[in-house]
Amino acid sequence: MERKHHRPIDYLHNSINKVILIKVKRNRLFRGVLGGFDEHLNLYLEGTSQIFEYQDEDGNIREEHENLGSIVVRGDNVIFVNLANQE
Amino acid sequence: MERKHHRPIDYLHNSINKVILIKVKRNRLFRGVLGGFDEHLNLYLEGTSQIFEYQDEDGNIREEHENLGSIVVRGDNVIFVNLANQE
Amino acid sequence: MERKHHRPIDYLHNSINKVILIKVKRNRLFRGVLGGFDEHLNLYLEGTSQIFEYQDEDGNIREEHENLGSIVVRGDNVIFVNLANQE
Amino acid sequence: MERKHHRPIDYLHNSINKVILIKVKRNRLFRGVLGGFDEHLNLYLEGTSQIFEYQDEDGNIREEHENLGSIVVRGDNVIFVNLANQE
Amino acid sequence: MERKHHRPIDYLHNSINKVILIKVKRNRLFRGVLGGFDEHLNLYLEGTSQIFEYQDEDGNIREEHENLGSIVVRGDNVIFVNLANQE
Amino acid sequence: MERKHHRPIDYLHNSINKVILIKVKRNRLFRGVLGGFDEHLNLYLEGTSQIFEYQDEDGNIREEHENLGSIVVRGDNVIFVNLANQE
Amino acid sequence: MERKHHRPIDYLHNSINKVILIKVKRNRLFRGVLGGFDEHLNLYLEGTSQIFEYQDEDGNIREEHENLGSIVVRGDNVIFVNLANQE
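Protein chains in written order, with the working numbering: chain V, 68 to 154; chain B, 68 to 154; chain H, 68 to 154; chain A, 68 to 154; chain X, 68 to 154; chain S, 68 to 154; chain C, 68 to 154.
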């Protein structure tokens, strides 16, 4: 199963125009369509929602969304980017 | 739906002279007219208000504003910039 | 309303020799006359006072000042600079 | 037992396409197949699970996993990388 | 009142061989004679005392000093430098 | 007792293939054989154990070890490296 | 009392092979013989002891020492270096 070794940032190319998840410091989570990125992991997202997780009264974990539209995330806040599934 | 891939910072150009929201570390939120920016995400905003969110006695989330006029935000404080709607 | 796009730092030139407010990390606020700055947002201020806000016994927000004279603020502490009004 | 002195980053080459563990700031632990890395220790992982450790009611330490698929971790979050065993 | 615009760091030249105050992160305050500095705001101080402020039993703010002699302060710890009065 | 002045990083050369201790931010301590390092103090360690110190019921300080095998530590987490004794 | 203006780091040269004190972030204090340094304030110390200060039952401040031998301190942890007395 030979495969060429790419730089991590290069793998974001396959997620352009696809939905990705961004885990950011201070417990923030964003879901949006990746419109652009650079080598600092600055990210441009469209149709972004910020996701808040909480437990409801029955102890189930639920999500609440805040719609943000188009955002530019400063790269130094990013912990990891969860790439779109490659089908 | 082909589209050229831009750097995230480039998307701020379309918001020049428009109202944007800036989410900053330490829970600060600014709304102002984007007058300028650079590659560090330093931002120049005019007609800026700093927004404080709180719950009133009935549990409703309310905003209070402090008018700041023109400010220069140092880029390393920025978490994300919420761009103006592109109509 | 055409306008040339400047870098944020450039807007500080108009505040030279004028009173500005500096919001700094760890809840510090300085007011002084801007004497100089550089691209890191290092700032030289004259006639500086550090401002402490507190609530008095009647719940009013009041300010106390400490006069510091001339100071050099290291730029990486700055959150934002509130520019002088341009009249 | 002579041995040439390599840069630490070079030792990641032997773990390409192998399972590694990544210990990240803010108590995160990832396990995944190393697909790529760069000199900042940015990492591309496939088949990643985030591992949460907790004590059950009998005091045993147990793991829970969240499957994340493919992720790009920003290098400045990494504390250390636990390399694949070299057999 | 025309005046040439200097870089903030340049204003430290006038305080060479004079007593300055250095406010440092983590609530430290140093007073010493400025013997040297560089563009990172690394500072060399002679006859330095570290100043601790506290309230005595009557509620008065008092200072205690620890004599440190000659120190080199790493610039990234500095919040601001309080320059010597220019007479 | 004349001696040439070396850069601190150069002193790690003598510890290559020897056991060193690494004190890392967030109270971590590693012991392992130094296999490589670079100018950022990124470190490659073999046969590494992470050491946890605790007090037992009699008040004695005891160590517990977790074997990690080969790890790459990102240099910006390092506080200090305790070099191997030079005999 | 004319004197040439040196860079702060240059003043460490006079402390080579002499005992210095290093105040480090997270309340650490090291005493050792300065064997080397660089422009990042990375430091090589020999015969180092880490000093812990505490109050005994009579309220006296006492020191406890842990002998560390030779260490390399990563410069970004340093708050200040207390130079050897120049006699």
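Backbone N, C-alpha and C fix where the C-beta goes; we use that ideal spot for every residue, glycine too.
Query raised in the report: Can you find a C-beta in chain X that's less than 8 Å from the C-beta of residue 73(C)?
Result: Reading the seventh sequence from its first residue, position 6 is the one you call residue 73(C). Yes, its Cβ sits closer than 8 Å to a Cβ of chain X.
**Report entry** For residue 85(B), the first and last residue of its enclosing beta strand (DSSP E)
**Finding:** Translated into positions along the second sequence, residue 85(B) becomes position 18. Where residue 85(B) is concerned, there is no enclosing beta strand (DSSP E), given that its DSSP letter is neither H nor E.
Query raised in the report: Excluding sequence positions up to five away, which residues of its chain have a Cβ less than 8 Å from the Cβ of residue 106(A)?
Result: For this step, residue 106(A) is matched to residue 39 along the fourth sequence. Same-chain partners within the cutoff: 76.
Query raised in the report: Buried or exposed: where does residue 109(V) fall if 16 or more other Cβ atoms within 10 Å of its Cβ makes it buried?
Result: Position 42 of the first sequence holds residue 109(V). Buried is the call here.
Query - Contacts around residue 104(C), its chain only, beta-carbon distance under 6 Å, and the 5 residues preceding and following it disregarded - result: Here residue 104(C) corresponds to residue number 37 of the seventh sequence, with the count starting at 1. Cβ within range, chain order: 79 and 110.
Requested in this report: Within 10 angstroms of the Cβ of residue 68(V), are there 16 or more other Cβ atoms? Answer buried if so, exposed if not.
Outcome: In the first sequence, residue 68(V) corresponds to position 1, counting from 1. Any answer about residue 68(V) is weak, because its pLDDT of 40 lies below 50 and its placement is not dependable; what the coordinates show is given next. The C-beta of residue 68(V) has fewer than 16 other C-beta atoms within 10 Å across all chains shown, which makes the residue exposed.
Query raised in the report: Quick one, which of 116(S), 133(S), 93(S) and 83(S) has its alpha-carbon nearest residue 101(S)'s?
Result: As a first step, residue 101(S) is located in the sixth sequence; it is residue number 34 there, counting from the start. Among 116(S), 133(S), 93(S) and 83(S), the Cα nearest to that of residue 101(S) is on 83(S).
Query - Closer than 8 Å to chain C by CB, residue 142(S) - result: Within the sixth sequence, the letter at position 75 stands for residue 142(S). The Cβ of residue 142(S) sits closer than 8 Å to at least one Cβ of chain C.
Report task. Would you check if the distance between the CB atom of residue 96(C) and the CB atom of residue 117(C) is smaller than 8 Å? Result -> Reading the seventh sequence from its first residue, position 29 is the one you call residue 96(C). Reading the seventh sequence from its first residue, position 50 is the one you call residue 117(C). Yes.
Query raised in the report: How far does the beta strand (DSSP E) with residue 108(S) in it reach, from first residue to last?
Result: By one-based count along the sixth sequence, residue 108(S) stands at place 41. Under the DSSP assignment, residue 108(S) falls outside any beta strand (DSSP E); it carries neither an H nor an E label.
Requested in this report: May I ask which residues mark the beginning and end of the beta strand (DSSP E) holding residue 149(B)?
Outcome: For the purposes of this step, residue 149(B) is taken as the residue at position 82 of the second sequence. Run containing residue 149(B): 145–149, per the beta strand (DSSP E) assignment.
Report task. Put residue 75(H) into one of helix, strand or coil per three-state DSSP. Result -> On the third sequence, residue 75(H) is found 8 positions in, with the first residue counted as 1. Of the three classes helix, strand and coil, the one that applies to residue 75(H) here is helix, per DSSP.
Query raised in the report: Any residues in the region 106–117 of chain S with a beta carbon nearer than 8 Å to a beta carbon of chain A? Which ones, in chain order?
Result: So the list reads 109, 110 and 111, given in the order they occur along the chain.
Query raised in the report: Run through DSSP, which three-state label would residue 126(S) get?
Result: Here residue 126(S) refers to the residue found at position 59 of the sixth sequence. In this structure, residue 126(S) counts as coil in the three-state DSSP scheme.
**Report entry** 6 Å Cβ shell around residue 130(V) - same chain, five flanking residues per side excluded
**Finding:** Walking along the first sequence from the start, residue 130(V) turns up at place 63. Around residue 130(V), the same chain offers 118 and 120 as residues with beta carbons nearer than 6 Å, after the five sequence neighbours per side are excluded.
Query raised in the report: At a Cβ threshold of 8 Å, is residue 150(A) touching chain S?
Result: On the fourth sequence, position 83 is the one that residue 150(A) refers to. True, the Cβ-Cβ gap to chain S drops below 8 Å.
Query raised in the report: Using the beta-carbon of each residue, which ones in chain V are nearer than 7 Å to residue 104(A)?
Result: Sequence index remark: in the fourth sequence, residue 104(A) carries index 37 (1-based). Ordered by position in chain V, the residues that pass the 7 Å Cβ test against residue 104(A) are 75.
**Report entry** Inter-residue Cα distance where the pair is residue 135(V) and residue 91(B)
**Finding:** By one-based count along the first sequence, residue 135(V) stands at place 68. By one-based count along the second sequence, residue 91(B) stands at place 24. So the two alpha carbons sit approximately 15 Å from each other.
Query raised in the report: For residue 93(H), does the count of other Cβ atoms within 10 angstroms reach 16, so buried, or fall short, so exposed?
Result: Position 26 of the third sequence, counted from the start, is the residue given in the question as residue 93(H). With fewer than 16 Cβ atoms within 10 Å of its Cβ, residue 93(H) is classed as exposed.
Query raised in the report: Measuring CB to CB, does residue 146(C) end up less than 8 Å from residue 141(X)?
Result: Indexing the seventh sequence from 1 puts residue 146(C) at position 79. Indexing the fifth sequence from 1 puts residue 141(X) at position 74. The answer is yes: Cβ separation under 8 Å.
Query - Burial state of residue 138(X) (16 or more Cβ within 10 Å) - result: By one-based count along the fifth sequence, residue 138(X) stands at place 71. Burial check for residue 138(X): the Cβ neighbour count within 10 Å reaches 16 or more, so the residue is buried.
Query raised in the report: In angstroms, rounded to a whole number, what distance separates the CA positions of residue 132(X) and residue 126(C)?
Result: Within the fifth sequence, residue 132(X) is the residue found at index 65, counting from 1. Within the seventh sequence, residue 126(C) is the residue found at index 59, counting from 1. Each residue's Cα considered, the two are about 19 Å apart.
Query raised in the report: Using 8 Å as the limit for Cβ to Cβ distance, is residue 82(H) near chain X?
Result: Position 15 of the third sequence, counted from the first residue, corresponds to residue 82(H). No, its Cβ sits nowhere closer than 8 Å to a Cβ of chain X.
Query - Contacts around residue 113(H), its chain only, beta-carbon distance under 8 Å, and the 5 residues preceding and following it disregarded - result: Taking the first residue of the third sequence as 1, we reach residue 113(H) at position 46. The residues are 99, 100, 102, 136 and 137.
Query raised in the report: Can you name the residues of chain B whose CB is closer than 9 Å to the CB of residue 146(V)?
Result: Translated into the one-based positions of the first sequence, residue 146(V) becomes position 79. In chain order: nothing, as chain B lies at least about 12 Å away.
Query raised in the report: Given that residue 86(V) touches chain B, what residues does it touch there, using C-beta distances under 9 Å?
Result: Position 19 of the first sequence, counted from the first residue, corresponds to residue 86(V). Ordered by position in chain B, no residue passes the 9 Å Cβ test against residue 86(V), which lies about 14 Å from the chain.
Query raised in the report: Got a sec: is the Cβ-Cβ distance from residue 100(A) to anything in chain E below 8 Å?
Result: Absent here is chain E; the protein component of the structure consists of chains V, B, H, A, X, S and C.
Query raised in the report: At a Cβ threshold of 8 Å, is residue 78(V) touching chain A?
Result: Here residue 78(V) is taken as the residue at index 11 of the first sequence, counted from 1. Chain A contact via Cβ: present.
Query raised in the report: So, does the CB of residue 175(C) fall closer than 8 Å to a CB anywhere in chain S?
Result: What the structure shows of chain C is the stretch from 68 to 154, and residue 175(C) is not part of that stretch, so it cannot be assessed.
Query raised in the report: Does residue 126(A) get closer than 8 Å to chain V when you measure Cβ to Cβ?
Result: As a position in the fourth sequence, residue 126(A) is number 59, starting the count at 1. It does not: the Cβ of residue 126(A) has no partner Cβ on chain V nearer than 8 Å.
Query raised in the report: If we ignore side chains and look at the alpha-carbon of each, how far apart do residue 73(A) and residue 85(H) end up?
Result: As a working note, residue 73(A) is residue 6 in the fourth sequence. As a working note, residue 85(H) is residue 18 in the third sequence. When only Cα atoms are considered, residue 73(A) and residue 85(H) end up about 56 Å apart.
Query raised in the report: Expressed to the nearest angstrom, what Euclidean distance is found between the alpha-carbon atoms of residue 148(B) and residue 123(H)?
Result: Start at 1 with the first residue of the second sequence, and residue 148(B) comes out as number 81. Start at 1 with the first residue of the third sequence, and residue 123(H) comes out as number 56. Roughly 36 Å separates the two Cα atoms.
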